[in-house]
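Going by the numbering used here, 108 is the number at position 77 of the sequence shown; the sequence numbering is gapless.
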Amino acid sequence: MTPETAIDLGREALLIATLVAAPVLIAGAVVGLIVGLLQALTQIQEQTVAFVPKLIAMVVALAFALPWILSRLLEYASTLIKNIPQTL
Numbered sequence: 032m033t034p035e036t037a038i039d040l041g042r043e044a045l046l047i048a049t050l051v052a053a054p055v056l057i058a059g060a061v062v063g064l065i066v067g068l069l070q071a072l073t074q075i076q077e078q079t080v081a082f083v084p085k086l087i088a089m090v091v092a093l094a095f096a097l098p099w100i101l102s103r104l105l106e107y108a109s110t111l112i113k114n115i116p117q118t119l
C-alpha cells in the first residue's frame, strides 16, 4: 500500500464520518441555539430545560436519517472491501 492510497482511504473515511454525523449534530445545534435563546429571553437557567429538547431532537433526527446513514456506511464498506486486492 502506497502512502497516497493510505491518505485517500483516511480522507474518505473522515468524509463519510462527517457526512454520517452531520444530520444529528446539526439538529442538536439548531435546537440548542433556539432553547438557549429562549432561556436567555425568559431568564430560566435550568440545565435540564436545555438538555431534554436537544436529546429529543437528536433522537428524532437519527430516526429519520438512519436509512440514509446505513446506506452510506454500507456503500463505503462494500467499496472498501471490493478494493482490498487493488490496495494490497
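Even glycine gets a Cβ: it sits at the ideal position worked out from N, Cα and C. Keep in mind the model is a prediction, meaning the values are calculated, not measured.
Of the residues the options, the one placed nearest residue i, counting alpha carbons only
| i | options | result |
| --- | --- | --- |
| Q78 | L104, G67 and P34 | G67 |
| V55 | A94, V80 and N114 | A94 |
| S102 | E35, V51 and L119 | V51 |
Limits of the alpha helix (DSSP H) - the one that residue i falls within
| i | result |
| --- | --- |
| Q117 | I115 to T118 |
| I57 | P34 to T73 |
Inter-residue Cα distance where the pair is residue i and residue j
| i | j | result |
| --- | --- | --- |
| V61 | A44 | 26 Å |
| I75 | L69 | 8 Å |
| S63 | A48 | Here the sequence assigns Gly to residue 63, which means Ser is not the residue at that position. One C-alpha to the other measures close to 22 Å. |
| P98 | S109 | 16 Å |
| A92 | A58 | 6 Å |
| D39 | N114 | 12 Å |
| V83 | V90 | 11 Å |
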